[in-house]
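Everything in the sequence shown is counted per my numbering, starting at 114 for the first residue and increasing by one.
Written out below as structure tokens is the structure these notes cover.
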Amino acid sequence: MRKTLFFIIVISTSFIFIVRLFYLQVYASEPYSIYEDNAIRKVYTYPKRGYIYDRNGKLLVSNQPSYDVMIIPGLVNKIDTIEFCNLLKISKEYLINKIDRTTKYSTRIPSVFLPHLSKKDYGFLAEKIRKYNGFYIQKRNLREYNTNIGANVLGYVAETNRTNIEKDTYYSRGDIIGKQGVELSYEKYLRGKKGIKFIQKDRFNRDIGSFNDGNNDINSIAGSDLTITIDSELQKYGELLMSNKKGAIVAIEPSTGEILSLVSAPSYNPNLLVGRERSKNYYELYTDSIYQPLIDKGLLSTFPAGSPFKIIVGLIALQENIISDKSTIYCNGAYIYGKNKKSMKCHCGGGYRNIYNGISKSCNSYFADIYRKTISMDNKISDNFDKWSRDVKSFGLGKFLNNDFPIGKKGMIPDSEFYNKWYPDFRWGPTTNLSNSIGQGEILVTPIQLANMMAAVANKGYYYTPHIIKNIEGDSIAERFRKKNIIEIDVEHFNKIEIGLKEVYKSGTGKLLNVPNIEICGKSGTAENFTKINGKKTQLTDHSIFVAYAPKEKPEIAIAVLVENGYYGSTWAGRISSLMIEKYLKGYISLKRTEELVINKSLKDEYIKPFSNKPFSINKLWLDTEEIG
114 MRKTLFFIIV ISTSFIFIVR LFYLQVYASE PYSIYEDNAI RKVYTYPKRG YIYDRNGKLL
174 VSNQPSYDVM IIPGLVNKID TIEFCNLLKI SKEYLINKID RTTKYSTRIP SVFLPHLSKK
234 DYGFLAEKIR KYNGFYIQKR NLREYNTNIG ANVLGYVAET NRTNIEKDTY YSRGDIIGKQ
294 GVELSYEKYL RGKKGIKFIQ KDRFNRDIGS FNDGNNDINS IAGSDLTITI DSELQKYGEL
354 LMSNKKGAIV AIEPSTGEIL SLVSAPSYNP NLLVGRERSK NYYELYTDSI YQPLIDKGLL
414 STFPAGSPFK IIVGLIALQE NIISDKSTIY CNGAYIYGKN KKSMKCHCGG GYRNIYNGIS
474 KSCNSYFADI YRKTISMDNK ISDNFDKWSR DVKSFGLGKF LNNDFPIGKK GMIPDSEFYN
534 KWYPDFRWGP TTNLSNSIGQ GEILVTPIQL ANMMAAVANK GYYYTPHIIK NIEGDSIAER
594 FRKKNIIEID VEHFNKIEIG LKEVYKSGTG KLLNVPNIEI CGKSGTAENF TKINGKKTQL
654 TDHSIFVAYA PKEKPEIAIA VLVENGYYGS TWAGRISSLM IEKYLKGYIS LKRTEELVIN
714 KSLKDEYIKP FSNKPFSINK LWLDTEEIG
């Protein structure tokens, strides 16, 4: 019995082992993988990154050859550190620290030891690299910016970090990735696809040639070339006009939503963030707390909309039949409201105001009155305000525009819920937030939102989502950029507003901003400007704002200009707007005196006031009366 039992156990155990072995070999075993073979070294070949052109076919971004010294820490033997450091022009400390850091990351995975060798240094090292086990040279492409403008638009590239690698398995340590602007937004098109070369190693871990005669190698695929919507000449001119100033210029083609220029001032040469000096240059730009050149002010600067917002207030009042083109009020220099007889000052000069001269003279009293009537209609304040808020947002304000930039801000367009939270025990009404009527109060916008608003006004009731891409090699642009965003306001009301916007240049705040032979419709404005100095809220000189489109018939350009601390809209932003419009539509400038004034005058003194630790005044004009306009 014992023998029988023993025999059964042996047979059963053997059967189990055989079945398990069969399963592991036939069903469960993974096929041979060249990627996991320790006797084969994998070397990536990097594709040509896609070129970037402007809307007129001018090459803006290309590539130049770059050489990285790579390290596989586990293969590094004793080396002549003096010779090696001299070859690479590095310190012994750098050598030791780099080997230590890469070893901690992985002893087997290649890491970048020293990026961006010059051609000269590469030539010296290439002859002797075989002496240094664990080191090899990898060729890749380094970005070359064929322009010194549009840094905020184009962006830059840099080495991947751990977050990039964790989010996308395509990348490995030392790879290059777009970090801002178009380089980031269209990274997946620009980067192409890496290739791989498989190198056979012997038992001493030495390279002995291509594995399988290179039949397993994978060729790289070049990245797609891009054409962006920017007019590089207009962009260059805009950056020139913004010399020694802070702010933004955003110009849009109303009929397509294509961004013609996106100026952020001050800017910087995009080539500063290329090569071995990149880190040093980036640090200097990053720590510039006064001018903040790395912040795209066209996309990220939020400020009160000021008087350009009166355009929307007027359109909504017309649509809701609160007013007609015949409705008037009398302005005596201030608008009195509330139980406590508060006063909103007005600088229009006083007199009877309608929708036309209310806009052209920028009458605060007129728009405060029609805003109050709009929100108070039928005493349904909360419902009316929510309807008003939705109508405002339909112009693209108070929300992300769903464009193709990796950054942006929503701004602020409040609704009833906002005021319910702030005044839980108080019945708020239009007099509570009357400053909204003139684009102050809680209203916050960005320059690109204002430019888009003017594009919608130019189109008389719709806009295309602003975008920077015009063409992608081998692909098409996103469908959302071809779709009209409809605004539920009748065309006839836009026609009425347009009369006022044209009158701005005849008898209003822009009467000295006319461009010969071009009919422009526009609106000036100022935005209050505050900062904290030693923990105290302090007012600075107002921001200068101007919005416009031209020509009046079949508009080709809609523009918004913000000059920080520039005070009156017509003083700086208005002049810049006229110059940009003439440059784009004519290709030349006839307003030479205006051009000279804008380029040569600096607002540096305004920008250093908060840092001076000295008393200062604000909203003081120092231009000649003739120059102010």
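C-beta: ideal position from N, C-alpha, C; glycine also.
Spatial distance of alanine 747 from leucine 375 (CA atoms)
Within the shown structure, residues of the chain are numbered from 114 to 742, placing residue 747 beyond reach of any answer.
With the cut-off set at 8 Å, would you say threonine 578 and asparagine 515 are in Cβ contact?
Against a cut-off of 8 Å, the Cβ pair of asparagine 515 and threonine 578 comes out as a contact.
Asparagine 608 in three-state terms, based on DSSP
helix
Distance check for valine 189 and valine 182, CA to CA, integer angstroms please.
13 Å
Going residue by residue through the stretch 457-513, where are the continuous beta strand (DSSP E) segments of at least 3 residues, counting only ones entirely within it?
464-466
Presumed contact (8 Å Cβ cut-off) between isoleucine 551 and alanine 663, rounded CB distance:
No, isoleucine 551 and alanine 663 are not in contact; Cβ-Cβ is about 25 Å, not under 8 Å.
Just the Cα atoms here: how many angstroms apart are phenylalanine 324 and alanine 568?
60 Å
Can you tell me whether aspartate 193 is buried or exposed, with buried defined as 16 or more other CB within 10 angstroms of its CB?
Label assigned to aspartate 193: exposed.
For isoleucine 129 and alanine 141, the rounded distance between their alpha carbons
In this predicted model, alanine 141 has a pLDDT of only 48, less than 50, meaning its place in the structure is not dependable enough to derive any value.
Label proline 629 either buried or exposed according to how many other C-beta atoms from any shown protein chain fall within 10 Å of its C-beta, with 16 as the threshold for buried.
exposed
Which word fits lysine 699, buried or exposed, when buried means at least 16 other C-beta atoms lie within 10 angstroms of its C-beta?
By the neighbour-count rule (16 or more Cβ atoms within 10 Å), lysine 699 is not buried but exposed.
Spatial distance of aspartate 326 from lysine 310 (CA atoms):
10 Å
Cα-Cα separation, glutamate 196 to leucine 267:
40 Å
Tell me which residue opens and which closes the beta strand (DSSP E) that glycine 308 is part of.
Where glycine 308 is concerned, the enclosing beta strand (DSSP E) stretches over 308-314.
Return the Cβ separation of tyrosine 258 and asparagine 384 in integer angstroms, given the expectation that the two are a contact with Cβ distance under 8 Å.
5 Å
What residue does the beta strand (DSSP E) around asparagine 210 start on, and which one ends it?
Element bounds for asparagine 210: not the beta strand (DSSP E) but the alpha helix (DSSP H), 205-218.
Give me the Cα-Cα distance between glycine 587 and glutamate 709, rounded to the nearest whole angstrom.
44 Å
Note down, in chain order, each residue of its chain lying with its Cβ closer than 8 Å to the Cβ of valine 711, except the 5 sequence neighbours on either side.
Leu354, Trp685, Arg688, Ile689, Leu692
By the 10 Å Cβ neighbour count, where 16 or more other Cβ atoms means buried, how is alanine 152 classified, buried or exposed?
exposed
Among the candidates Phe498, Gly521, Gly648, Ser548, whose CA atom is the shortest distance from the CA of phenylalanine 531?
Phe498
Could you give the DSSP three-state label for valine 704: helix, strand or coil?
Checking the displayed sequence, the identity of residue 704 turns out to be leucine instead of valine. Note: leucine 704 maps to coil in three-state DSSP.
Does DSSP classify threonine 260 as helix, strand or coil?
coil
Excluding the five sequence neighbours on either side, which residues of its own chain have a C-beta within less than 7 Å of the C-beta of tyrosine 249, listed in chain order?
These residues qualify, in order along the chain: Met183, Ile242.
With burial defined as no fewer than 16 other Cβ atoms inside 10 Å of the residue's Cβ, what is the status of glutamine 177: buried or exposed?
exposed
Is the beta carbon of isoleucine 165 closer than 8 Å to that of leucine 339?
yes
Taking cysteine 476 and arginine 466 to be in contact with their CB atoms under 8 Å, please state how far apart those CB atoms are, rounded to whole angstroms.
5 Å
So, are the CB atoms of tyrosine 831 and threonine 545 less than 8 Å apart?
One cannot answer for residue 831 here, as it falls past the ends of the chain, which runs 114 to 742.
Are at least three pairs of beta-carbons, each pair with one atom in the stretch 592-605 and one in the stretch 637-657, less than 8 Å apart?
no
Own chain, CB closer than 6 Å to methionine 697, minus 5 neighbours either side, in chain order:
Reading off the sequence shown, one finds tyrosine at residue 697, where the question assumed methionine. Cβ neighbours of tyrosine 697 beyond the five flanking positions: Leu347, Ile670.
Determine which residues share a DSSP beta bridge with threonine 126 and list them.
Note: threonine 126 sits in no beta bridge, so no partner.
Beta-bridge partners of serine 224, as assigned by DSSP
Ile184
Spatial neighbours of isoleucine 321 within its chain, please: CB distance less than 7 Å, with the 5 preceding and 5 following residues excluded, ordered by chain position.
Gln313, Lys314, Asp315
In this structure, how does DSSP classify serine 637 when only helix, strand and coil are distinguished?
In the three-state reduction of the DSSP assignment, serine 637 falls in the strand class, which pools E and B.
Glycine 263 and leucine 173 closer than 8 Å at C-beta
yes
What does the alpha-carbon distance come out to for the pair tyrosine 245 and isoleucine 222?
Tyrosine 245 and isoleucine 222: Cα-Cα distance of roughly 17 Å.
Over what stretch of residues does the alpha helix (DSSP H) that includes glutamate 719 continue unbroken?
717-721
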